[in-house]
Amino acid sequence: MSTETEPKASSTPPLPPTAGDGAGEPAAGRPVANYRVLVPAGTAIAVFALWALLAKDSFDTVLGEAVTWTSTWFGWFYILLATSILVFVLYIALSRHGRTRLGPSHSTPQFSTWAWASMLFAAGIGTDLMFFAVAEPVAQYMAPPSTEAQTVDAAREAIAWTLFHYGISGWGMYALMGMALGYFAYRMNLPLAIRSALRPIFRGKVDGALGDAVDVAAIVGTIFGVATTLGIAVVQLNFGLFRLLNIPEGLPTQIGLLAFGVGMATLSAVSGVERGIKWLSQLNVILALGLAVWIVVTGKTSELLNALVLNVGDFVRLFPEMMLQTFPYEDNTEWLAAWTLFFWAWWVAWASFVGLFLARISRGRTIRQFVVGTLTIPFSYILMWVAIYGNAAIDLIRSGNTEFGELAMNVPEHGFYTLLEQYPWFFFTAGLATFTGLLFYVTSADSGALVMANLSSKLPDVHTDGSSALRIFWAAAVGILTVAMLSVDSIYSLMNATVVMGLPFSFVLVLVMIGLYKSLKVEAELAAARKGVLPGLLSGRSPHDGIAHTAWKTRINRVMTFPTAERADAFMHEDAKPALEEVAAELRQRGVEANVSWTEDDHQPCLQLTAEVGEGEPFTYRITRTMAPIPSYGGWIPRETDVYARLEVHLARGGEGYDVMGYSRAQLIDDVIDQYERHLEFLRLHHNAETPT
1459 MSTETEPKAS STPPLPPTAG DGAGEPAAGR PVANYRVLVP AGTAIAVFAL
1509 WALLAKDSFD TVLGEAVTWT STWFGWFYIL LATSILVFVL YIALSRHGRT
1559 RLGPSHSTPQ FSTWAWASML FAAGIGTDLM FFAVAEPVAQ YMAPPSTEAQ
1609 TVDAAREAIA WTLFHYGISG WGMYALMGMA LGYFAYRMNL PLAIRSALRP
1659 IFRGKVDGAL GDAVDVAAIV GTIFGVATTL GIAVVQLNFG LFRLLNIPEG
1709 LPTQIGLLAF GVGMATLSAV SGVERGIKWL SQLNVILALG LAVWIVVTGK
1759 TSELLNALVL NVGDFVRLFP EMMLQTFPYE DNTEWLAAWT LFFWAWWVAW
1809 ASFVGLFLAR ISRGRTIRQF VVGTLTIPFS YILMWVAIYG NAAIDLIRSG
1859 NTEFGELAMN VPEHGFYTLL EQYPWFFFTA GLATFTGLLF YVTSADSGAL
1909 VMANLSSKLP DVHTDGSSAL RIFWAAAVGI LTVAMLSVDS IYSLMNATVV
1959 MGLPFSFVLV LVMIGLYKSL KVEAELAAAR KGVLPGLLSG RSPHDGIAHT
2009 AWKTRINRVM TFPTAERADA FMHEDAKPAL EEVAAELRQR GVEANVSWTE
2059 DDHQPCLQLT AEVGEGEPFT YRITRTMAPI PSYGGWIPRE TDVYARLEVH
2109 LARGGEGYDV MGYSRAQLID DVIDQYERHL EFLRLHHNAE TPT
């Protein structure tokens, strides 16, 4: 048995670094700004901000008319869209497509489940949850859409409506964008951008003006959605600081809070996902949970727990009706626009931002894992938070404190801290709430800055984020826009702007569903072809048949030899590269654009042959060096540190699970041609299936 675990000298040069994708693309590891997106998006934000600052009355009037028009003509569309997206993502997750990974078939998750779950909801939940967990239940209890006000039924429906607006319908939008972007970026090797999800529909057109327009719309919607959250945050935190330190309420204090928060968000965003955002997200979870537990322990514990259980039942019972509730027989247009339409537009505005961020942290997970996690983990937290604070607020009103109810409904930013005053150690809990709210602020702002920097950049690969300069730019832009909108009509101008700005991108979500379904359908056909289910393959051999004629002693020697990384690198240079170049040269002689290059796959060095096949999916044959533990043979037990190098074959969508180390040049060529024939046959069958007869 040969166990080549000791390094051996080798004159083979190290594998070259990853190169750029082509002319005009950034060099490896060096993102550059995409000015075709950055300039229009930045200009649009500047125009809105200046308009709001210099002509407040005009801006407010036009915005109000735009909201009325949007609610009148597209209210039904928003509601139908939210329902359709939720049904779609559940279908994809529960179908055969749910086993597909957001990455190559051999990929594994980058983050632990706890870290992933923390970032999962911290990116999509901001200080607005602290705001609305008190403000909305009180408002729905005091002035419900249909039920008689201030009754038991109103109290039960108030919590259900809040859970509905913050629940799985909105997270379904996040799940759609997250799995679409993760799939196209990490499995299809396309840029981590909105336009990639539209490629199955518009093909190469997404590389031009159409794709730029989509990314601009995503950035504009995102920045208004984030600004709304931050506006709510600073208004509420301003009141908290007034109660704690007697700092006056007003725009000057709010500007100071914005400057401080944007500064922290900038530092966090510049530090990257693996450090700043990850650490802040996990700290955020712990502090927020501790604050909620304090309310339960020091309040009416049994009543709150009983109410939580009842709220689950009410939500399950009322959810189907709420999904498509448009109040056509009741005069509730104003309520619908102020609540459901606003929330759905808000979710739409955040969908590209949060979806892209979730894709960024979910590489390696299956679609089913991603959808189930996205729909359940954040909602479990939301259920706990809303049930605790919402029921505590309603109980305070039902106990006779109607002044609190009027305050929380008419001045909602005062509701949360006023509720905390009813519990012990207010100074401590209010301070903790303020700090937690600031962390919510930062995790929303830094995630937004990171994502908008990516959307406005040309990135060399899906592992690279936008430059620090762009992250700083977008963090500052969010702060400036928030100040401008707050100067018009406090948080209400931000809420109205969200309803309007979310509309263009809502149509993009429909196209994303179509594009994702088309691609997943092709994925299923490809999987069937790989398994040999589809008939008519030109080659009847398996990937291993190329070595069937090899002398049996040679085969045993190959199976029981465990080469070092140096030996594997030498094989790639001396044997594999000439074999792949020979195939590429022959394809080029036959009019097929083909090339061989060095690249990386999951940070592992690899040799890649790529061949274009017209408008179909390009053929990719990649030999990737991986390190694996040496197995135990014949009673010999290797040490944990004993590893050997494997040269595994990866195609465009993942590893094939076999090792070509030790193949002869002829055997390697046979294997490449086998896989190429399968790919061409798959494309032919797919084309025939889509061509009308």
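Numbers in the numbering used here are just positions in the sequence shown, counted from 1, shifted up by 1458.
Heads up, the beta-carbon is just placed ideally off N, CA and C, and yes, glycines get one too.
Please read all numbers here as calculations on a predicted model, not as lab measurements.
Open item on the list: Distance check for V1495 and D1670, CA to CA, integer angstroms please.
Closed with: It is roughly 6 Å from the alpha-carbon of D1670 to the alpha-carbon of V1495.
Task: Bridge partner(s) assigned by DSSP for E1707 - done: In the DSSP assignment, no residue is bridged to E1707.
Task: Length-filtered (3 minimum) beta strand (DSSP E) runs lying within the region 1589–1614 - done: Listed in chain order, nothing qualifies, since the region 1589–1614 has no complete beta strand (DSSP E) run of 3 or more residues.
Task: Rounded C-alpha distance that separates A2103 from L1656 - done: As the crow flies, the alpha-carbon of A2103 is around 39 Å from that of L1656.
Task: Span of the alpha helix (DSSP H), counted from its first residue to its last, around T1541 - done: Taken as a continuous stretch (DSSP letters only), the alpha helix (DSSP H) holding T1541 covers 1514–1552.
- [ ] May I ask you to report which of helix, strand or coil DSSP gives D2117?
- [x] If DSSP states are grouped into helix, strand and coil, D2117 belongs with the strands.
Open item on the list: Three or more C-beta pairs under 8 Å: does that hold for the region 1809–1822 against the region 1632–1642?
Closed with: For the pair of segments examined, the region 1809–1822 was found to touch the region 1632–1642: the number of CB pairs separated by less than 8 Å reaches three.
- [ ] Look at T1874 and N1742 and say whether their C-beta atoms are less than 9 Å apart.
- [x] Going by the sequence as given, residue 1874 is Phe instead of Thr. Cβ atoms of F1874 and N1742: not closer than 9 Å.
Task: Completely contained alpha helix (DSSP H) runs for the region 1784–1810, where each covers 4 or more residues - done: Taking only runs of at least 4 residues, the alpha helix (DSSP H) segments lying wholly in the region 1784–1810 are 1791–1794.
Open item on the list: So, with DSSP's three-state summary, where would you put W1883?
Closed with: W1883 falls in the coil class under three-state DSSP.
Task: Test item: CB-CB of S1542 and V1957 under 9 Å - done: No; because the gap between Cβ atoms is not below 9 Å, this pair is not in contact.
Task: Segment contact flag, the region 1744–1753 with the region 1831–1849, C-beta cutoff 8 Å, min 3 pairs - done: The region 1744–1753 is in contact with the region 1831–1849.
Open item on the list: Bridge partners for L2105 per DSSP, in chain order?
Closed with: Residue pairing from DSSP places L2105 in a beta bridge opposite R2083.
Open item on the list: On the CB-based measure, 16 or more other CB atoms within 10 Å of its CB, does E1606 come out buried or exposed?
Closed with: Exposed: under 16 other Cβ atoms inside 10 Å.
Task: Cβ neighbour criterion (16 or more within 10 Å) applied to G1628 - done: The residue is buried, with at least 16 neighbouring Cβ atoms inside 10 Å.
TODO: Determine the DSSP secondary structure at L2067, reduced to helix, strand or coil.
DONE: In the structure shown, L2067 adopts extended strand secondary structure according to DSSP, grouped into three states.
Open item on the list: Whole angstroms are fine: how far does the CA of D2129 sit from the CA of R1999?
Closed with: In this prediction, R1999 has a pLDDT of 45, which is less than 50 and means its spatial position is unreliable; what the coordinates show is noted afterwards. Straight through space, the alpha carbons of D2129 and R1999 are spaced by roughly 9 Å.
TODO: Take V1941 as the anchor and find which of M1631, V1520, G1719 has the nearest alpha-carbon.
DONE: Closest by alpha carbon: G1719.
Task: Residue range of the unbroken alpha helix (DSSP H) whose run includes E1861 - done: Its alpha helix (DSSP H) spans residues 1860–1868.
Open item on the list: In the DSSP output, which residue or residues are listed as bridge partners for F1837?
Closed with: DSSP output for F1837 lists no bridge partner at all.
Open item on the list: Which of the three DSSP states is assigned to E2058 in this structure?
Closed with: When secondary structure is reduced to three states using DSSP, E2058 falls in the strand class.
Open item on the list: Going by beta-carbon coordinates alone, are V1900 and A1723 separated by less than 9 Å?
Closed with: Yes; because the gap between Cβ atoms is below 9 Å, this pair is in contact.
Open item on the list: For V1490, list the residues DSSP reports as bridge partners.
Closed with: Here V1490 is bridged, per DSSP, to K1916.
Open item on the list: Between which two residues does the alpha helix (DSSP H) holding Y1632 run?
Closed with: DSSP places Y1632 in the uninterrupted alpha helix (DSSP H) bounded by 1626–1644.
Open item on the list: Given this structure, state the Cα-to-Cα distance separating W1619 from Y1881, to the nearest angstrom.
Closed with: Straight-line measurement puts the Cα of Y1881 at about 26 Å from the Cα of W1619.
Task: Through-space distance from V1678 to A1502, alpha-carbon basis - done: The alpha-carbon of A1502 is positioned some 8 Å away from that of V1678.
Open item on the list: Going by beta-carbon coordinates alone, are L1745 and A1888 separated by less than 9 Å?
Closed with: Cβ atoms of L1745 and A1888: not closer than 9 Å.
TODO: Could you check if G1662 is buried or exposed, using at least 16 other CB atoms within 10 Å of its CB as the buried criterion?
DONE: Counting Cβ neighbours within 10 Å, G1662 comes out exposed, since fewer than 16 surround it.
Task: When E1864, A1691, D1853, A1597 are compared against V1754, the one with the closest alpha-carbon - done: Of the listed residues, the one whose Cα sits closest to V1754 is D1853.
TODO: Name the residue from P1498, F1682, L1560 whose alpha carbon lies nearest to the alpha carbon of A1933.
DONE: Residue F1682 is the option with its Cα nearest to A1933.
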